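Asker: FYI, the numbering for the sequence shown is 1 to 92, going by full-length UniProt numbering.
Note that beta-carbon positions come from the ideal geometry of N, C-alpha and C, so glycine has one too.
All values derive from a computational prediction rather than experimental measurement.
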Amino acid sequence: MATLTIRKLDDSVKAKLRIRAAEHGRSMEEEAREILSDAIAPSPVPREMNMADRIRRRFAPLGGVELNLPERLMAREPVDFSGPEYGTYDDE
């Protein structure tokens, strides 16, 4: 493994690193390695937004709306075209 030395590091940065390392239960060196690894890790590829995503993003800040939907009714009976008033179909 390689060794990295960072010179002229601001004292306030070092103090913040020490606090952050303590919060995570790590040494300063381990915390610095974790920060560097996270910083250069490839970011997830964002999926392309479709039209629904774009609409949702645009109107989400306005809040939602509850619509009163009409009661569902049974579908009509299909028309029976087999009666004599509709004629007959002959292949001849």
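Rank Ile55, Arg18, Met49 by C-alpha distance to the C-alpha of Ile35 and give the top, closest one.
Answerer: Minimum Cα distance to Ile35 is reached at Arg18.
Asker: Return the CA-CA distance between Asp80 and Pro70, expressed in angstroms with no decimal places.
Answerer: Spanning the two alpha carbons is a distance of roughly 28 Å.
Asker: Look at the alpha carbon of Arg57 and the alpha carbon of Pro44, and state the distance between them as a whole number of angstroms.
Answerer: Between Arg57 and Pro44, the C-alpha separation is close to 20 Å.
Asker: Is the beta carbon of Ala15 closer than 8 Å to that of Glu31?
Answerer: Their beta carbons are not under 8 Å apart, which means Glu31 does not touch Ala15 by this criterion.
Asker: Could you check where the alpha helix (DSSP H) with Ile55 kicks off and where it finishes?
Answerer: From DSSP, the alpha helix (DSSP H) with Ile55 extends over 51-59.
Asker: What are the uninterrupted segments assigned as alpha helix (DSSP H) that are 4 or more residues long and contained completely in the UniProt domain "Antitoxin FitA-like ribbon-helix-helix" (2-39), given in chain order?
Answerer: Entirely contained in the UniProt domain "Antitoxin FitA-like ribbon-helix-helix" (2-39), the alpha helix (DSSP H) runs reaching 4 residues are, in chain order, 11-23.
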